[in-house]
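Those protein sequences? They're chains A and B, same order as listed. At position 151 of the first sequence (counting the first as 1) the number is 151 in this note's numbering, and the numbers step up by one without a gap. At position 110 of the second sequence (counting the first as 1) the number is 110 in this note's numbering, and the numbers step up by one without a gap. This report concerns only the one structure given below.
Protein chains: 2
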Amino acid sequence: MTAVTTRRADAQRNIAAILTAAAECLGRNPAASTSEIAKAAGVGRVTLYGHFPSRAELVDAVFVQAIATGEETLGKVDLSGDPREALGRLIESSWHLVDQYRALLIAAQESLPPGRVRELHADPMARVEGLLERGRSTGVFRSDLPVEWLVSVMHNVMHGAASDLQAGRITSDQAAPYIVTTVLAAFTPPGERVPE
Amino acid sequence: MTAVTTRRADAQRNIAAILTAAAECLGRNPAASTSEIAKAAGVGRVTLYGHFPSRAELVDAVFVQAIATGEETLGKVDLSGDPREALGRLIESSWHLVDQYRALLIAAQESLPPGRVRELHADPMARVEGLLERGRSTGVFRSDLPVEWLVSVMHNVMHGAASDLQAGRITSDQAAPYIVTTVLAAFTPPGERVPE
Numbered sequence: 001m002t003a004v005t006t007r008r009a010d011a012q013r014n015i016a017a018i019l020t021a022a023a024e025c026l027g028r029n030p031a032a033s034t035s036e037i038a039k040a041a042g043v044g045r046v047t048l049y050g051h052f053p054s055r056a057e058l059v060d061a062v063f064v065q066a067i068a069t070g071e072e073t074l075g076k077v078d079l080s081g082d083p084r085e086a087l088g089r090l091i092e093s094s095w096h097l098v099d100q101y102r103a104l105l106i107a108a109q110e111s112l113p114p115g116r117v118r119e120l121h122a123d124p125m126a127r128v129e130g131l132l133e134r135g136r137s138t139g140v141f142r143s144d145l146p147v148e149w150l151v152s153v154m155h156n157v158m159h160g161a162a163s164d165l166q167a168g169r170i171t172s173d174q175a176a177p178y179i180v181t182t183v184l185a186a187f188t189p190p191g192e193r194v195p196e
Numbered sequence: 001m002t003a004v005t006t007r008r009a010d011a012q013r014n015i016a017a018i019l020t021a022a023a024e025c026l027g028r029n030p031a032a033s034t035s036e037i038a039k040a041a042g043v044g045r046v047t048l049y050g051h052f053p054s055r056a057e058l059v060d061a062v063f064v065q066a067i068a069t070g071e072e073t074l075g076k077v078d079l080s081g082d083p084r085e086a087l088g089r090l091i092e093s094s095w096h097l098v099d100q101y102r103a104l105l106i107a108a109q110e111s112l113p114p115g116r117v118r119e120l121h122a123d124p125m126a127r128v129e130g131l132l133e134r135g136r137s138t139g140v141f142r143s144d145l146p147v148e149w150l151v152s153v154m155h156n157v158m159h160g161a162a163s164d165l166q167a168g169r170i171t172s173d174q175a176a177p178y179i180v181t182t183v184l185a186a187f188t189p190p191g192e193r194v195p196e
């Protein structure tokens, strides 16, 4: 190995260690500092800032990674059959991810620019959009409101549930059925019956 | 007047000027700095920090004032008659307030501790809760989910619409009907028809 490839390998090892440590620290405490993260990663603060010039850039990178991991799980959800049942399965899986990454989500909401958290949800939101379109074409989901609005509603109800859980207003077990029940009613076409 | 009452009158005048300036500055730009606010209020930064030791405390005070002003408007909404129509009127009025105070809401969400924005919404939320209870007793609103959850859903859909508007995904005119339509569907009892 040349000196350059060695330096590159060191850098990659450091980046990986920082990301792993940041995910752990921010997952415990959304306000975790970069000094804390550097210490947990076994690197100096100068090394950390060399790779991530600001705390926000580090939070962003950890969030990008969490979304990618989540996407692997969501990609396995069976979206065939009755679109309402498929949406129920998708919400259930999505909720487990939101719940698991709750502290990181708070860190992201607090330190990333407005709109960035949603921007990073582009892939999971596109999946919901596809399922919504299929349900609209067969008339089980409403077509009188824009798809983008309905996706927003689901996103806001789910992320609001994370705050409700954080504040002790609901339990983790209640969240998924509450979200499914609420979203399925909200998506029911006008004049049609809300699922029992 | 004694020297003490003069100092007290000066202090009250300064506080009022700071709050007015802060409401204006934060209403234009959620990231407005305390120096900017002090300048607009015609006071020094030391005077500002004497009354509001941190930017967060100032944002909190401005938000408390906005909620109080909003409560005057919401207190005049006719909540009698069909609870669904009353909820429609209440959402319409609430939305105009959220829209009007949108930049301040963003400032509050970014600088106050998690849960504080919701805590400051206790009065408007209690009003929604009362209306929900009345609608549940006559069977027009669902009783299979806790009232507190349903109030959260309305709060999250409405505040989410503010982000959608900020990001240009919806217009201000679309917001109120979208929110009313969505919330009324979400509140419909299982097995009942969603309002047309």
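The C-beta atom is built at its ideal place from N, Cα and C for all residues, glycine as well.
Around the CB of R7/A, fewer than 16 other CB atoms lie within 10 Å, so the residue is classed as exposed. Assigned with DSSP and collapsed to three states, R102/A falls in helix.
Residue state for R134/A is assigned as helix, using DSSP reduced to three classes.
Judged by DSSP in its simplified three-state form, R169/B adopts coil rather than helix or strand.
Any Cβ of chain A closer than 8 angstroms to the Cβ of P53/B would place that residue at the interface, and such an atom is absent. Our two residues, V59/A and A107/A, have alpha carbons roughly 7 angstroms apart in a direct line. Not flagged as an interface residue toward chain B: A31/A, since no C-beta distance is shorter than 8 angstroms.
In chain order, L74, V77, L79, R127, V128, L131 place their CB closer than 8 angstroms to the CB of L90/B, counting only its own chain and leaving out the 5 sequence neighbours on each side.
Three or more beta-carbon pairs separated by less than 8 angstroms link the stretch 104-123 of chain B to the stretch 146-163 of chain B, which places the two stretches in contact. About 6 angstroms separates the beta carbons of L19/A and V62/A, which is inside the 8 angstroms limit, making them a contact pair. Taken in chain order, the complete alpha helix (DSSP H) segments of 4 or more residues contained in the stretch 81-127 of chain B are 83-100, 102-111, 116-119. Secondary structure at R13/A: helix, using DSSP grouped into helix, strand and coil. In the three-state scheme derived from DSSP, where H, G and I count as helix and E and B as strand, R28/B is classed as helix. Residue state for R193/A is assigned as strand, using DSSP reduced to three classes. Near chain B, meaning a CB-to-CB distance below 9 angstroms, the residues of the stretch 132-148 of chain A are R142, D144, L145, P146, E148. When C-beta distances to chain B are compared with 9 angstroms, the residues of the stretch 183-196 of chain A below that value are V183, A185, A186, F187, T188, P189, P190, G191, E192, R193, V194, P195, E196, in chain order. Taking C-beta separations shorter than 7 angstroms and ignoring five residues to either side along the sequence, the partners of A22/B in its chain run I37, L58, V62, following chain order. Each residue's CA atom was taken as its position, placing G81/A and V183/B some 27 angstroms apart. For P114/B, a Cβ of chain A is located within less than 8 angstroms of the residue's own Cβ.
In this structure, the CA atom of G70/A is about 18 angstroms from the CA atom of N156/A. Taking 8 angstroms as the upper bound for CB-CB distance, E148/A and R169/B are in contact here, some 6 angstroms apart.
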